[in-house]
Each structure stands twice: as C-alpha cells, then as structure tokens.
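Written out below as structure tokens is the structure these notes cover.
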Amino acid sequence: MITFPFDFHAGFNHCFNCAETTNFAMERWIEYGKHSNQCTCNDNVVKIPMNAFVKRFQPERYQDWLAGTDYGQHSAFLPNAVAPSPLALSLEVLDNRSNENAYLCFIHLDLLLIVGRCASFTL
-15 MITFPFDFHA GFNHCFNCAE TTNFAMERWI EYGKHSNQCT CNDNVVKIPM
35 NAFVKRFQPE RYQDWLAGTD YGQHSAFLPN AVAPSPLALS LEVLDNRSNE
85 NAYLCFIHLD LLLIVGRCAS FTL
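Just so we're aligned, residue -15 is where the sequence shown starts under this note's numbering, counting upward by one.
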C-alpha cells in the first residue's frame, strides 16, 4: 500500500487472499508523482504511471509531459520551502520471505519514506 498525508485509502478483503483497494488523493499530489522515481530493485513491482493523471487533470500540460519538459512546481520543491533535511544514508530493507529467495532492496530517503515490500517510490 502506498499512502501520502492527506489522501484516503479504502479497501476490503474478498477472502481467499484476494483484496481490493483504492487510493484517493488531491490534485496537488500529481506533482509528487511527476517528481518520483519508481523502485527498480525487483521485476515484480507496482507501477503507477502518471500519464493518465496528467492527461485528465492537467490537459494543457500533457504534450509537454510526454516530451519530458513539464515538471510543475509544488511547495515542497521550492528552493525556500521549509522542509526536514533528507537523511544522508540509504535504508537497507531485507525481504526474507524464505532463506533461499531473500533479496536486498535499497530505498533512498529524500523527502518522505514510503515502503511497501520493494514496491515503493523515492521522492
């Protein structure tokens, strides 16, 4: 599960190890998504492409986004914004589901730490 402050998460379990969830966020979180990097430590990760969100909520900037020239401003990314300093070191997360298939995932901590079994984003 990936969550952010001020967003909403709803879900329920269908039993038999099948669950359904939905994340709701405000439009200002689109800029966080545009600045985030997806975890590449495993082939089986959750990917949330921003194309659909930019096309629907920022249609005037969609072509620039596809061309790689649109990175809008968000208050957290402004040079004079007050924010906690990033941690200097990376966090090592060990997924030890079994001794045979354990692997190491490095998650870099910048603005926020969002961890979800190597299906995380680095902001």
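For every residue, glycine included, the Cβ atom is placed at its ideal position computed from N, Cα and C.
Here the structure is a predicted model, which is why all the values come from computation and not from measurement.
> Relative to the alpha-carbon of Glu15, which residue among Val29, Asn26, Thr24 and Met34 has its alpha-carbon at the smallest distance?
Replying inline: As a first step, residue 15 must be located in the sequence shown, where it is residue number 31. The shortest Cα separation from Glu15 among Val29, Asn26, Thr24 and Met34 belongs to Met34.
> Between Gly52 and Phe37, which are expected to be in contact by the criterion C-beta below 8 Å, what is the C-beta distance as a whole number of angstroms?
Replying inline: In the sequence shown, counting from the first residue as 1, residue 52 sits at position 68. In the sequence shown, counting from the first residue as 1, residue 37 sits at position 53. Contact flag wrong, Cβ pair sits at about 16 Å.
>> Restricting to runs no shorter than 4 residues, where is the alpha helix (DSSP H) found entirely within the segment 14 to 38?
In response: Listed in chain order, they are 14 to 19.
>> Just verifying my parser: in three-state terms, what is the DSSP assignment at Gln108?
In response: Residue coverage of the chain in this structure runs from -15 to 107, which leaves residue 108 outside it and unanswerable.
> Distance, Cα to Cα, Asp109 vs Lys39?
Replying inline: Lying before the first or after the last residue shown, residue 109 is absent from the chain, which here runs from -15 to 107.
>> Quick check: the Cα distance between Thr24 and Arg45, rounded to an integer number of angstroms?
In response: Reading the sequence shown from its first residue, position 40 is the one you call residue 24. Reading the sequence shown from its first residue, position 61 is the one you call residue 45. Annotation: Thr24 to Arg45 spans about 27 Å, alpha carbon to alpha carbon.
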